[in-house]
Amino acid sequence: MSDSETRDDSRRVYSPDDDHHFPDEKLNEVLAYVDDDEEINAFLEAQNVNAVDRKGYNDHGTKHISIVRNRALCLYDLLKAGDVDFNGARQQGLEEEDESVIIALAATLHDVGHVVHRDQHPYYSIPLASDILDNVLPGFYDVPEAVRMKSEILHAILCHHTAETPLTTEAGVIRVADALDMERGRSRIPYEQGGRGINTLSSQAISRVSLHEGESRPVMVEIEMTNAAGVYQVDNLLKAKLKGSGLEDLIRIVAVNTNENREQLVERIEL
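Reminder that position 16 of the sequence shown reads as 16 in UniProt numbering, one-by-one numbering, no gaps.
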């Protein structure tokens, strides 16, 4: 499916840090449009200023969006392989190929509200994303379809970080994928600027995240960490996003401490 997909014991394994080329023609057309859109790229760069430069949080810019989008699409692929129903597009009378487009656009625009403020940013993302989608969707959908696509994309954006419960599988995927960007590269900018908060230190402890087909559940997420600080990313952030996502029974998460040179306070945890 992509250059970053490998196989191990006949299972699909994803280390999705780079852009994928997916087999769905419409999805690839939309992704190509998004990647070339000057306004969208400007937003993705600008949204990092409040988050990183002014608040000292981990990366919420272009690289974060790329990783979240790819991990969301990898989750989608694995869940589809497990015959999981994606009710967002289906209940709107849209096509099956629109499921991945909803996920891709929601992942791309979920953090755009950071340009206004970090606090309550999902609510600011809604009007900004709505305006952007008004430019994107007409190139691929007629008016009724565009309205339905927009509804599902905005729902997924709103539910990624707030108390609002995802009502669709597509929205649940965005919520979980957002938390799966947790490796040390996420904290590179604030760490180099001297940031030593728990978010920065804990993501520094995460060396690798991979997704593959599970045995008892459609998705297995394996997390490698180099010290116990990584537990915060897994137990406080990822666990919180998984809870209420609607995907709790579909994803198995295992974190392993791979540091062999120090005493291991935590060797393995599983959600």
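Note that the Cβ used here is the ideal one computed from N, Cα and C, for glycine as well.
Taking the alpha helix (DSSP H) that residue i falls in, what are its first and last residues?
i: SER130; result: 121-136
i: GLN91; result: 87-91
i: THR168; result: Taken as a continuous stretch (DSSP letters only), THR168 belongs to no alpha helix (DSSP H), as it is neither H nor E.
i: ASP77; result: 62-81
DSSP state of residue i, grouped into three classes?
i: LEU105; result: helix
i: VAL254; result: strand
i: HIS161; result: coil
i: GLN193; result: With a pLDDT of 46 at GLN193, under the threshold of 50, the modelled position of that residue is not reliable, and no figure is offered here.
i: MET220; result: strand
i: ARG118; result: coil
i: GLU213; result: strand
i: MET225; result: strand
i: SER245; result: coil
i: ILE198; result: Caution is warranted here: a pLDDT of 48 is assigned to ILE198, below 50, making its placement in the model unreliable, and the coordinate value is therefore given only provisionally. It is helical.
i: ALA146; result: helix
For chain C, check one thing: does any of its Cβ atoms lie closer than 8 Å to the Cβ of residue i?
i: GLU99; result: You won't find chain C in this structure, because it holds only one protein chain.
Cβ atoms of residue j and residue i: under 8 Å apart, would you say?
i: HIS160; j: ASP181; result: no
i: GLU222; j: VAL254; result: yes
i: VAL116; j: ALA46; result: no
i: GLY82; j: ALA171; result: no
i: LEU94; j: GLU145; result: yes
i: VAL176; j: SER245; result: yes
i: LEU75; j: LEU211; result: yes
i: PHE140; j: GLU29; result: yes
i: residue 272; j: ARG118; result: Lying outside 1 to 271, the shown extent of the chain, residue 272 is not represented and no answer is given.
i: residue 272; j: MET220; result: This structure does not reach residue 272, given that the chain is present from 1 up to 271, and the question cannot be answered.
i: LEU250; j: ARG208; result: no
i: PHE86; j: THR169; result: yes
i: LEU133; j: LEU167; result: no
i: ARG31; j: ILE65; result: According to the sequence as given, residue 31 is Leu; it is not Arg. Not in contact: LEU31 and ILE65 (Cβ atoms no closer than 8 Å).
i: ILE174; j: ALA51; result: no
*Indicate whether the contact test is met: 3 or more Cβ pairs, each with one atom in the stretch 107-119 and one in the stretch 236-256, closer than 8 Å.*
no
_Which runs of the alpha helix (DSSP H) at least 4 residues long sit entirely within the stretch 22-60? Give them in chain order._
25-36, 38-48
*the stretch 92-103 / the stretch 148-167 touching (three or more Cβ pairs under 8 Å)*: yes
*Is it true that the stretch 55-70 meets the stretch 122-129, where meeting means three or more beta-carbon pairs spaced less than 8 Å apart?*
no
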